[in-house]
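Going by full-length UniProt numbering, the sequence shown opens with residue 1, and the numbers climb by one from there. Accompanying notes for the structure given below.
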Amino acid sequence: MQTQRSFAKQTTGTLYLVPTPIGNLDDMTFRSIKVLQQVDLIAAEDTRNTQRLLKHFQITTRQISFHEHNTQARLPQLIATLNAGQSLAQVSDAGMPSISDPGKELVIAAIKHGIPVVPLPGANAGLTALIASGLAPQPFYFYGFLPRKTQQQVAALAPLKNRTETLIFYEAPHRLLKTLASLSLAFGEDRQIVLARELTKKYESFLRGTLAEAKAWFDQHQPRGEFVLLIAGNPYPQTRADAYQHLNLHDYVAQLVTEGHPAKTAIKMVAKQRQVAKQEVYRAYHQF
């Protein structure tokens, strides 16, 4: 086991994960401001965006860009900075680093090198929307952004159909209509949805209804702003055995393989669920 004592004396610097406001600058915490003032360097998803935040709070700490397109090039430089005893704050454009934003690669690298990683609490769009949604707040399943292509969306949503937890997605306005169509196809038009828009900003709003009602609404209204989509869990989930009971042994195994299970594992699962010998399932799948 590796033990981290976040505030013990050490020879390396510390990596601070600093959340930033998701809209309203008043949501910046005193501690976050203090850390950004005191660290040696800020690794920012977009230095131009972060500079506006720093200027507002009169923070003069130097920045360096760190985003999905330069991650591998930047990692050695940032780890070297930390190993030299300098402290680093990582910020994304809004909300928590690593949550649908850059961050996880630097965290993993810092842990690997024995560098303390200290998270600060702060704004998060998914949880902010969840507690005001009116849907069950726990348990919940956070997904974030779905794939952009319709076929990939449908494939990603298929295994979520029977989840009983409240589901949380993020979506941009120009992709909202396509995503609502994919959600309706996957979950059915009667499933409850809450759309939280422009959270913490002047035009914050919540739309609550069914997926069919949401689609009809946005047929008449232009989507504007960033959205958090909260989908009610399935109150009557089908088990895999129920959903696939119409499939023969070969097709059942093939379905599980397409869902990402190795063939050997899928054969064992089908044999157990159908209560037949593994050899019989093996022969059916390989068509011996």
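The beta-carbon is built from N, C-alpha and C at its ideal position, and this holds for glycine as well. Just so you know, these numbers come straight off a predicted model, no measurement behind them.
Asked, Found
"contact_flag[the stretch 57-67, the stretch 111-126] where n(CB pairs < 8 Å) is 3 or more", "no"
"Close beta carbons around Val-257, own chain, < 6 Å, minus the five adjacent residues each side", "Ala-263, Ala-266"
"Bridge partner(s) assigned by DSSP for Thr-153", "For the record, residue 153 in the displayed sequence is Gln; it is not Thr. None, per the DSSP bridge assignment."
"Proximity of Tyr-170 and Ala-214 at Cβ, strictly below 8 Å", "no"
"Collapsed DSSP secondary structure at Leu-230 in the structure displayed", "strand"
"Member of Gln-152, Ala-8, Leu-247, Glu-45 whose CA lies at the smallest distance from the CA of Gly-114", "Ala-8"
"Nearest to Gln-138 (by Cα), restricted to the options Lys-202, Ala-73, Glu-165", "Glu-165"
"Glu-171 - partner residues in DSSP beta bridges", "Phe-227"
"CB contact flag (Ala-229, Trp-217, <8 Å)", "It should be pointed out that residue 229 corresponds to Leu in this sequence rather than to Ala. Not a contact, by the Cβ cut-off of 8 Å."
"Opening and closing residue of the beta strand (DSSP E) in which Ala-129 lies", "Not the beta strand (DSSP E): Ala-129 falls in the alpha helix (DSSP H), residues 125-133."
"Residues sharing a beta bridge with Arg-191, DSSP", "Note: Arg-191 sits in no beta bridge, so no partner."
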